[in-house]
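S.K.: Sharing a structure, written as structure tokens. Questions coming.
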Amino acid sequence: MSNEDLLPESQPILYSYWRSSCSWRVRIALNLKEIPYDIKPISLIKSGGEQHCNEYREVNPMEQVPALQI
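So this is what it looks like as structure tokens:
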């Protein structure tokens with residue numbers, strides 16, 4: 001049984017900021033496990049921080065990055 005057999009039909013979405021060391025660790029783990037994923041960039045600077053918008057608050061109520069939606 002391969003990793004692909006265990007994956008759900010839709011890919012996980014990683015909400016990430018490019019300079020976040022925590023986001024880097026999640027990306028490394030996903031790549032080491034060969035798990036395909038989509039990245040949705042979250043700017044911590046633009047418009048006072050995109051992590052504070054209502055759309056992102058539904059994904060992660062703590063308003064922190066990274067968040068992995070499976």
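Just so we're aligned: 29 in the UniProt record's numbering is position 29 of the sequence shown, and the numbers increase by one with no gaps anywhere. A virtual CB, placed ideally from N, CA and C, is assigned to each residue, including glycine.
(1) Quick check on this structure: which residue in P12, S16, L30 has the alpha carbon closest to the alpha carbon of G49?
(2) Write down every uninterrupted run of the beta strand (DSSP E) in the UniProt domain "GST N-terminal" (10–70) whose length is 3 residues or greater and which is fully enclosed by it, in chain order.
(3) Do P61 and residue 126 count as a contact pair if the criterion is CB distance below 8 Å?
(4) Could you tell me if Q51 is buried or exposed, where buried requires 16 or more neighbouring beta carbons within 10 angstroms of its beta carbon?
M.R.: Quick look at the numbers:
(1) S16
(2) 13–16, 38–41, 67–69
(3) Shown here, the chain extends from 1 to 70; a query on residue 126 therefore has no answer.
(4) buried
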